[in-house]
Structures are given as C-alpha cells and as structure tokens.
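A.B. asks: So for the sequence shown, UniProt numbering puts the first residue at 1; every next one is plus one.
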Amino acid sequence: MNLTGPWDRSRVDEFLADATIPIRIGCRTPADDPWMVSLWFQWDGAVHCATGADADVVDFLAADHRVSFEVSTNDPPYMGVRGRGRATTTADEDKRLLRSLLERYLGGTDNELSERLLRPDREEVHVRIEPERLHSWDFTGRMPAKPDPADPDPAE
Numbered sequence: 001m002n003l004t005g006p007w008d009r010s011r012v013d014e015f016l017a018d019a020t021i022p023i024r025i026g027c028r029t030p031a032d033d034p035w036m037v038s039l040w041f042q043w044d045g046a047v048h049c050a051t052g053a054d055a056d057v058v059d060f061l062a063a064d065h066r067v068s069f070e071v072s073t074n075d076p077p078y079m080g081v082r083g084r085g086r087a088t089t090t091a092d093e094d095k096r097l098l099r100s101l102l103e104r105y106l107g108g109t110d111n112e113l114s115e116r117l118l119r120p121d122r123e124e125v126h127v128r129i130e131p132e133r134l135h136s137w138d139f140t141g142r143m144p145a146k147p148d149p150a151d152p153d154p155a156e
C-alpha cells in the first residue's frame, strides 16, 4: 500500500480507529456515473461498513469494485485521510458488524434507529474496502481551532 502525507502509518491507524464520523465513499454506477455515499465504518487496516442489502451502492460495487474514500474532520483545524482501494461485499447475516457500528456511533442498540435496522426481515451487507493508497493531511499547524461556544469570551 502506498502511504503519503504528514502522518505515518500508526497515526493514520489511530485517526481512523478513533474517528466516529462517517466515511464518504466514491464509486461508479453501472452507467459509469460517479456516486458518493456516507456510511459508518470501523478500521483495522481495512475499512468495514454495513448497509442494507437493497442499497444502490451494493449493486454499484458488484459492477465495479474500485472506490475512493475520505474520512475528515468537519471543524477546523481540518485533518483526515483519503484514499482508494477495492471493495468487496458479503452478507452480514447475523448483523454482527451492524451491531458493532451501532455501539460505536450511538453507544448501544437501545434506540429507535437500532430497532429499525436490526429487524429480523432486514438483510444486511458487510462492505470491506482494502486500501491501495492512503493520503493524510493535517492543517493543525496553520489553521486555528474553531472556538468553542461554551468558552467565555476572552475580550470580556
């Protein structure tokens, strides 16, 4: 795998393992149009996402498994990791990955969204992306952090 940018592999792994923001995945439709989808993910050296078996992206990845992706902060100072790789999809019959993602992003499965997603009749798919290239960026040194509205105004 090709790694570029200011972060070494351990910092990339740390950022992606700790990030609880969705990953944005770019792919192609069977008509060769670009498509973007945001999904919850886990990282262990590969990207692991869950989605419904009837989601358009499942069909798109079956037609072309090449993807691009990005995980980045939404507030300054901006930082993140982008890359490209190859996606595979497999059934997540026991919804193990989905349950893990619900724990990671929502803190548990005792909520309305979890009940809807974990319905027995809903089929789930595990999307695994094996990265071929990763690039990190970090503007911490040249961009101030967004002020916290809870902090008192220093001018007062």
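Ideal placement from N, C-alpha and C gives every residue a C-beta, glycine not left out.
Taking Asp138 as part of the beta strand (DSSP E), name the residues at either end of that continuous run.
C.D. replies: Note, Asp138: beta strand (DSSP E), 124–138.
A.B. asks: For the alpha helix (DSSP H) holding Ala17, just list the boundary residues, first then last.
C.D. replies: Counting along the chain, the alpha helix (DSSP H) containing Ala17 begins and ends at 9–18.
A.B. asks: Note the first and the last residue of the continuous alpha helix (DSSP H) segment covering Glu103.
C.D. replies: Start and end: 96–106.
A.B. asks: Leaving out five residues on either side along the sequence, give the residues of the same chain with a beta carbon under 8 Å from the beta carbon of Gly108.
C.D. replies: Leu102, Ser114, listed in sequence order.
A.B. asks: Since Ala55 is in the beta strand (DSSP E), which residue starts that stretch and which ends it?
C.D. replies: No beta strand (DSSP E) contains Ala55, which DSSP labels as neither H nor E.
A.B. asks: Check Leu117 in the structure and name its three-state DSSP category.
C.D. replies: Of the three classes helix, strand and coil, the one that applies to Leu117 here is helix, per DSSP.
A.B. asks: Quick one: residues in its chain with C-beta nearer than 8 Å to the C-beta of His135, no 5 flanking neighbours on either side, listed in chain order?
C.D. replies: Answer for His135: Leu3, Thr4, Gly5, Val81, Arg82, Gly83, listed in chain order.
A.B. asks: Can you tell me which of the three DSSP states Ala87 falls into?
C.D. replies: Residue state, collapsed to three classes: strand.
A.B. asks: Pairing CB atoms from the region 58–65 with CB atoms from the region 24–37, are three or more of them under 8 Å?
C.D. replies: Touching, yes, given that three or more Cβ pairs across the two stretches are closer than 8 Å.
A.B. asks: Report the three-state DSSP secondary structure of Glu112 (helix, strand or coil).
C.D. replies: Reduced to three states, the DSSP call for Glu112 is helix.
A.B. asks: Which residue wins for smallest C-alpha separation from Glu119, given the options Lys146, Ala31, Tyr78, Arg99?
C.D. replies: According to the sequence as given, residue 119 is Arg; it is not Glu. Measuring from the Cα of Arg119, the nearest candidate turns out to be Arg99.
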